[in-house]
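**Student:**
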Amino acid sequence: MARVFFFCGPDEAGAADAAARIVSLLSDPGERIEFSGAELRRDPVRLGDEARSTSLFGGTRHIWIRAAGDDAHDAVANLIEGDVDPCPVLIVATGASDKSRTAKLLATRPDALVAMFHPPDLGSVAASVRNQAGAAGLRLSSDLAERIARGAGLDTRLARSEIAKLALYCDASPESPRTVTSDDLEAIGAQTSDDDFAPIVDAVMGGKRERLGPELARMRAMQISPVGILLAIERRVAQLAALSSRMGPGQNLAQFLDAEANARRIFWRDKAVLGDQLRAWRGPRLERLVQRILALHQTMLGNSADSELLLAQELATIARLAGSELTRKRQAL
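When we follow our numbering, the leftmost residue of the sequence shown carries the number 457, and every step to the right adds one.
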């Protein structure tokens, strides 16, 4: 029986959903203990101690770890060296892959499970939205399901929160299903955060430095959490990584994006901005950007009082790097 679960890959939402699903399948999940990868990197022995101790009230427990890359590797190594079976340990490792050191440590063990999650396409998230809606007692058309999926940035967790709001608004339940209309979606504000975030995401990722200041001021005026902005940037970075992985060497970018739009993996109106951003962020540059974003996320979580300043500084740097790369490529033509 698996006791340690390592979920990784660029689709952090999918990895987190899988971990939540595992917890739901436990006969008695008990108390939840949470760690960050940074905490375990500082104290690698702590995970093993916690996983083999009992709950404060004598019941069962499970451990949930949010890691970045391999920062929980040493803690996991100590955990699996013990002689006593630990409680279930679930690791959601942003920025890691099934080739990472932690994954290789666990891959061949009968008491462990390693799974890698790639960013989903629009169709699969829309289908998931419809399934979630049906379970909540909502009858949802394909067009509205796609609208929710796009608005959530293909993040199933955000989509789930929209479904929950819709069910409450429509007074729906499995016993009393309701049909969702466009007006219902408008009423709960389901044009969603991505409609608000799109201008700042495009300014940063497309190197439009002159637009960044006004967009940050707009976000501040709307009292949007800096973490919310960062999550929108992370979703775009994950989307670029998925597109880049599907694009063949030497393939024409415009033709590739036309094919992606025809396959409904991207929205047709996003082709121009995604084209610019793929020109700015490919290969090693994109890999380094992923690491910058992960480091920023960890820093902001540890310095919440300065998160707005930290975000503004890093976004300005990213916008400058994107702008410089696009300028260099235009000059080379």
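Ideal Cβ placement from N, Cα and C applies to all residues, glycine included.
1) Round the Cβ separation of Ser700 and Leu742 to the nearest angstrom and send it over; I've been treating them as touching at under 8 Å.
2) Sort out for me which residues DSSP pairs Arg595 with in a bridge.
3) Identify the residues that DSSP records as bridge partners of Ile547: which are they?
4) Please determine, among Arg738, Asp726 and Phe463, the residue with the shortest C-alpha to C-alpha distance to His574.
5) Using the C-alpha atoms, what's the distance from Thr550 back to Leu604?
6) Identify which residue in Gly486, Leu546 and Ile656 has its Cα closest to the Cα of Gly515.
7) Figure out for me which residue from Ser509, Leu696 and Ala719 has the closest Cα to the Cα of Leu578.
8) Quick check on Ala615: buried or exposed, where buried means 16 or more other Cβ atoms within 10 Å of its Cβ?
9) Within the chosen definition, does the region 490-509 reach the region 635-644 through at least 3 CB pairs nearer than 8 Å?
10) Take the Cβ of Leu535 as the centre, count every other Cβ of all protein chains shown within 10 Å, and call the residue buried at 16 or more, exposed below.
11) For Ala589, which of Leu622, Arg606 and Ala559 has the nearest alpha-carbon?
12) Among Pro630, Ala591, Leu596 and Pro670, which one has its Cα closest to the Cα of Thr637?
13) Per DSSP, which residues does Glu671 bridge with? Please list them.
14) Using C-beta distances below 6 Å, list every residue in its chain close to Ala608, excluding the 5 sequence neighbours before and after it, in chain order.
15) Grab the span of the alpha helix (DSSP H) containing Asp697 for me, first residue to last.
16) For the beta strand (DSSP E) containing Val540, name the first residue and the last one.
17) Output the boundary residues of the beta strand (DSSP E) element that contains Phe491.
18) Could you check what DSSP says for Val570 in three-state terms: helix, strand or coil?
19) How long is the line joining the alpha carbons of Met678 and Tyr625, rounded to whole angstroms?
20) Compare the Cα-Cα distances from Ala552 to each of Ala571, Cys543 and Thr564 and report the closest residue.
21) By DSSP, does Trp737 sit in helix, in strand, or in coil?
22) Using DSSP with H/G/I as helix, E/B as strand and the rest coil, what is Ile644?
23) Could you tell me if Trp737 is buried or exposed, where buried requires 16 or more neighbouring beta carbons within 10 angstroms of its beta carbon?
24) Between the Cα of Leu752 and the Cα atoms of Leu767, Arg691, Ala471 and Arg488, which residue gives the shortest distance?
25) Alpha helix (DSSP H) containing Val501: first to last residue?
26) By alpha-carbon positions, which one of Leu771, Leu709 and Ala698 ends up nearest to Leu686?
27) If I'm right that Arg692 touches Val657 with Cβ under 8 Å, what's the distance once you round it to whole angstroms?
28) Assign Val460 to buried or exposed, taking buried as 16 or more other Cβ atoms, counted over all protein chains shown, within 10 Å of its Cβ.
29) In the DSSP assignment, the alpha helix (DSSP H) including Leu713 goes from what residue to what residue?
30) Please confirm whether Leu713 and Ile722 have their CB atoms less than 8 Å apart.
**Tutor:** In short:
1) 6 Å
2) Thr635
3) Phe462 and Ile521
4) Phe463
5) Sequence inspection shows Ile at residue 604; the Leu mentioned does not correspond to that position. Looking at the two C-alpha atoms, the distance is approximately 24 Å.
6) Gly486
7) Ala719
8) buried
9) no
10) buried
11) Leu622
12) Leu596
13) According to DSSP, which records beta bridges pairwise, Glu671 is partnered with nothing at all.
14) Leu614 and Ala615
15) Just to set this straight, residue 697 is Ala in the shown sequence, not Asp. Where Ala697 is concerned, the enclosing alpha helix (DSSP H) stretches over Pro682 to Arg702.
16) Premise fails: Val540 is in no beta strand (DSSP E) and is neither H nor E.
17) Glu487 to Ser492
18) strand
19) 23 Å
20) Ala571
21) coil
22) coil
23) buried
24) Leu767
25) No alpha helix (DSSP H) contains Val501, which DSSP labels as neither H nor E.
26) Leu771
27) 5 Å
28) buried
29) Leu709 to Asn718
30) yes
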